[in-house]
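In the working numbering, the protein residues as written are 76 to 307.
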Ligand SMILES: Nc1ncnc2c1ncn2[C@@H]1O[C@H](COP(=O)(O)OP(=O)(O)OP(=O)(O)O)[C@@H](O)[C@H]1O
Ligand SMILES: [Mg+2]
C-alpha cells in the first residue's frame, strides 16, 4: 500500500476569506501584560484588584496573578523564599528561586493567558528582582535580565507600573508579621525604592512611576490613565 506524505499530490488551494475567518480565532493572539510593582505595602495588591475589577466591568478577560506564586510549585517556592527561618539563603539562590517560580508561572499560566488574548495583571515580576536582589553577592542587572529572559522565554511585560512612596510609610502600612525579606533593615528598603526608580528612569517606554502616597481612588485613576490605552 502506498502512503502519501502530507501535501504530496494534492492540488494547491488558496484559502478563501471565509476559511481564514474560521482559522484565525484558534491562532495564538497576544494579550496585554501589565505589572504592578513597588516596595512592601505600597498598595500593589489593592490596585491590582481595582484594575482587575475595572477591566472585567468593561468586558475584558483578565487574569490576576501574584509573583512569586500562583502555581502549585511557585507557591511552594514562595514559602521557601519568605520563611524567616531561612536566614542562611544566599542572594544568588534567592534570585534563582524567584526566577524558577516565574518560569513555572509563565509556562502554566501567563503564557497560555497571553496566547488567549487576555489582559494579565501581575502583582510583582522581574522588576522586583531588579530592585531587591540587585547588588547582593555581586548580582548585576545584566545577570538578572539575562536569567529573567530565560525564565520567562522573552515574554516581558508591556508596561510596569511602579507604586512609589516613602519607605517608612509603606512599611508602616504592613499590619501582619514581617516575612524574611520585609524583616531587612530600613536602609535596604530605601535602596530597593531607589532601584525601582532607576529602572523606570532607564526605560521610560515600559515603566511608569505612580505617586502612591495618596488615596486609593486617586492612585487607581492614574493607573488607568497609563494602562487604559494599552487594553482598550
Ligand atoms: N493608598 C492607600 N492609602 C492608605 N492605605 C493603603 C493604600 N493602599 C493600600 N493601603 C493599605 O495598605 C496595606 C497594604 O496594601 P496592599 O496589601 O495593597 O499593599 P501591597 O503592596 O500589596 O503589600 P505587600 O508588599 O505586603 O504585598 C493594606 O492594609 C491596604 O489596605
Ligand atoms: Mg500584596
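We treat Cβ as the ideally placed atom computed from N, Cα and C, and that holds for glycine.
Just so we're clear, the structure is a prediction, and the values are computed from it rather than from any experiment.
Using a Cβ-Cβ cut-off of 7 Å (strictly less than) and excluding sequence neighbours within five positions of residue i, which residues of its own chain qualify?
{"i": "residue 137", "result": "127, 130, 131, 193, 194 and 196"}
{"i": "residue 96", "result": "Low per-residue confidence applies at residue 96: pLDDT is 45, beneath 50, and the placement is therefore not dependable, though the value from the model is reported in the following sentence. There are no such residues."}
{"i": "residue 166", "result": "208, 211, 212 and 214"}
{"i": "residue 159", "result": "254, 255 and 258"}
{"i": "residue 146", "result": "179, 180, 183 and 184"}
{"i": "residue 280", "result": "none"}
Would you list the residues sitting across from residue i in a DSSP beta bridge?
{"i": "residue 109", "result": "196 and 234"}
{"i": "residue 139", "result": "196"}
{"i": "residue 282", "result": "235"}
{"i": "residue 104", "result": "191"}
Leaving out five residues before and five after residue i in sequence, what residues of the same chain have Cβ atoms less than 8 Å from its Cβ?
{"i": "residue 301", "result": "234, 236, 283 and 285"}
{"i": "residue 230", "result": "108, 181, 185, 186 and 189"}
{"i": "residue 119", "result": "111, 112, 113, 198, 199 and 238"}
{"i": "residue 104", "result": "190, 191 and 192"}
{"i": "residue 261", "result": "242, 243 and 246"}
{"i": "residue 121", "result": "291"}
{"i": "residue 294", "result": "118, 122, 238, 285, 286 and 287"}
Whose C-beta lies closer than 6 Å to the C-beta of residue i among residues of the same chain, with five residues either side of it excluded?
{"i": "residue 226", "result": "174, 177 and 178"}
{"i": "residue 297", "result": "285"}
{"i": "residue 275", "result": "237, 282 and 284"}
{"i": "residue 153", "result": "143 and 144"}
{"i": "residue 157", "result": "254 and 255"}
{"i": "residue 150", "result": "144"}
{"i": "residue 148", "result": "179"}
{"i": "residue 124", "result": "none"}
{"i": "residue 248", "result": "116"}
{"i": "residue 307", "result": "none"}
Return the residue from the list the options that minimises the CA-CA distance to residue i.
{"i": "residue 289", "options": "245, 184 and 269", "result": "245"}
{"i": "residue 168", "options": "144, 180, 299 and 219", "result": "219"}
{"i": "residue 305", "options": "206, 123, 144 and 232", "result": "232"}
{"i": "residue 191", "options": "135, 251, 261 and 165", "result": "135"}
{"i": "residue 299", "options": "273, 111, 104 and 106", "result": "111"}
{"i": "residue 205", "options": "293, 270 and 116", "result": "270"}
{"i": "residue 268", "options": "160, 209, 163 and 198", "result": "209"}
{"i": "residue 189", "options": "166, 139 and 242", "result": "139"}
{"i": "residue 144", "options": "183, 106 and 263", "result": "183"}
{"i": "residue 266", "options": "280, 241 and 163", "result": "241"}
{"i": "residue 115", "options": "155, 125 and 252", "result": "252"}
{"i": "residue 216", "options": "262, 248 and 273", "result": "273"}
{"i": "residue 278", "options": "202, 162 and 133", "result": "202"}
{"i": "residue 222", "options": "171, 258 and 263", "result": "171"}
{"i": "residue 258", "options": "162, 280 and 124", "result": "162"}
Can you list, in chain order, every residue whose CB sits closer than 6 Å to a heavy atom of ligand 2?
Qualifying residues, in the order they occur: 119, 120 and 198.
What are the complete alpha helix (DSSP H) segments, minimum 4 residues, inside the segment 244–295?
261–277, all fully within the segment 244–295.
In chain order, each alpha helix (DSSP H) run of at least 4 residues that lies wholly inside the segment 113–182:
Considered as a whole, the segment 113–182 harbours 119–132, 147–157 and 166–180 as its complete alpha helix (DSSP H) runs of no fewer than 4 residues, in chain order.
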